[in-house]
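From first to last, the protein sequence lines stand for chains F and X.
Residue numbers -5 to 106, in the numbering used here, belong to the letters of the first sequence in order.
Residue numbers 768 to 885, in the numbering used here, belong to the letters of the second sequence in order.
Cβ atoms here follow ideal geometry from the backbone N, Cα and C, with glycine treated the same way.
For clarity, every value in this text was computed on a predicted model and none was experimentally measured.
Report on the structure given below.
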Amino acid sequence: NAGVTQTPKFRVLKTGQSMTLLCAQDMNHEYMYWYRQDPGMGLRLIHYSVGEGTTAKGEVPDGYNVSRLKKQNFLLGLESAAPSQTSVYFCATTAVIHTEAFFGQGTRLTVV
Amino acid sequence: AQKITQTQPGMFVQEKEAVTLDCTYDTSDQSYGLFWYKQPSSGEMIFLIYQGSYDEQNATEGRYSLNFQKARKSANLVISASQLGDSAMYFCAMREGRRTYNTDKLIFGTGTRLQVFP
Chain F
-5 NAGVTQTPKF RVLKTGQSMT LLCAQDMNHE YMYWYRQDPG MGLRLIHYSV GEGTTAKGEV
55 PDGYNVSRLK KQNFLLGLES AAPSQTSVYF CATTAVIHTE AFFGQGTRLT VV
Chain X
768 AQKITQTQPG MFVQEKEAVT LDCTYDTSDQ SYGLFWYKQP SSGEMIFLIY QGSYDEQNAT
828 EGRYSLNFQK ARKSANLVIS ASQLGDSAMY FCAMREGRRT YNTDKLIFGT GTRLQVFP
């Protein structure tokens, strides 16, 4: 039982390159979230999904896109990476009722 | 609008003493959940405690308790008998309970860095 797995764990991109971060969960949870964590700013919500085929914008959605084609996977895309997107990215999942969120290990992304 | 505020960027506490980490929130919903997470230097997010908006009693989990004051919209975390291993970042979070389309955001505060000294 892996829980929540993020791929990759580390990545260095050049400005303008694109990439996709994958979040996979085997907990059958409906809700999935993508956050970025920057020093002094806590975890800020980028996009989230309340079910397969649905996505919604969070607090800081600009420069990112997401897709939830399958219930177990939530993809975060950067179409044209910028240095301001250098951050640690976390994926999280929760069940429908108010239960704890389960987090992936995080992805450290550096854009140079 | 949904919002979480943690006003203490950093806190110091001596080992074996109790410490309170502050959290205030803003929501227009009657149904919501409040959470506290710990993030040690290794980076993983560790769930500590949960409080539902309709729970009449304050939540407790071992050395952690949540001082829930609904009228004041505060959900402070109390750590009793601090240990050196409690040194970490602590995040307060909230999730509203509306189950309409595209709601149920889970948002976090900016965190408090707790340092426990001998």
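Check, Outcome
"Quick check on S43 of chain F: buried or exposed, where buried means 16 or more other Cβ atoms within 10 Å of its Cβ?", "buried"
"Relative to the alpha-carbon of Q775 of chain X, which residue among F:V6, F:H23, F:G34, F:D20 has its alpha-carbon at the smallest distance?", "F:G34"
"Mind checking the segment 812 to 839 of chain X against chain F and listing, in chain order, the residues whose C-beta falls within less than 8 Å of any C-beta there?", "M812, F814, Y817, G819"
"If you drop the 5 nearest sequence neighbours on each side, which residues of the same chain put their C-beta closer than 6 Å to that of N67 of chain F?", "A18"
"Contact criterion: CB-CB distance below 8 Å. Does F4 of chain F meet it with respect to chain X?", "no"
"Work out the CA separation of D793 of chain X and A768 of chain X for me, nearest whole Å.", "7 Å"
"Name the chain F residues that come within less than 7 Å of D871 of chain X, Cβ to Cβ?", "Y25, V44"
"Sort out for me which residues DSSP pairs Q824 of chain X with in a bridge.", "According to DSSP, Q824 of chain X bridges with nothing at all."
"What residues from chain F crowd round F875 of chain X, counting only those whose CB sits closer than 7 Å?", "G36, L37"
"With H, G and I counted as helix, E and B as strand and the rest as coil, what does DSSP make of E782 of chain X?", "coil"
"Using the rule of at least 16 other Cβ atoms within 10 Å of the residue's Cβ for burial, across every protein chain shown, is Y868 of chain X buried or exposed?", "Confidence in Y868 of chain X is poor, its pLDDT being 49 and thus under 50, which makes the residue's placement unreliable; the coordinate value appears in the next sentence. Label assigned to Y868 of chain X: exposed."
"Could you tell me whether the Cβ atoms of I40 of chain F and Y25 of chain F are closer together than 8 Å?", "no"
"So, with DSSP's three-state summary, where would you put S854 of chain X?", "coil"
"Whose Cβ in chain F lies nearer than 8 Å to the Cβ of G810 of chain X?", "V82, Q99, G100"
"What did DSSP end up calling Y868 of chain X once you bin it into helix, strand or coil?", "With a pLDDT of 49 at Y868 of chain X, under the threshold of 50, the modelled position of that residue is not reliable, and the figure given next carries that caveat. In this structure, Y868 of chain X counts as coil in the three-state DSSP scheme."
"For T101 of chain F versus L15 of chain F, is the C-beta spacing smaller than 8 Å?", "yes"
"Among X:A842, X:R862, X:C790, X:T827, which residue has its Cα nearest to the Cα of T879 of chain X?", "X:C790"
"Given that a residue counts as buried once 16 or more other Cβ atoms are within 10 Å of its Cβ, and exposed if not, what is T9 of chain F?", "exposed"
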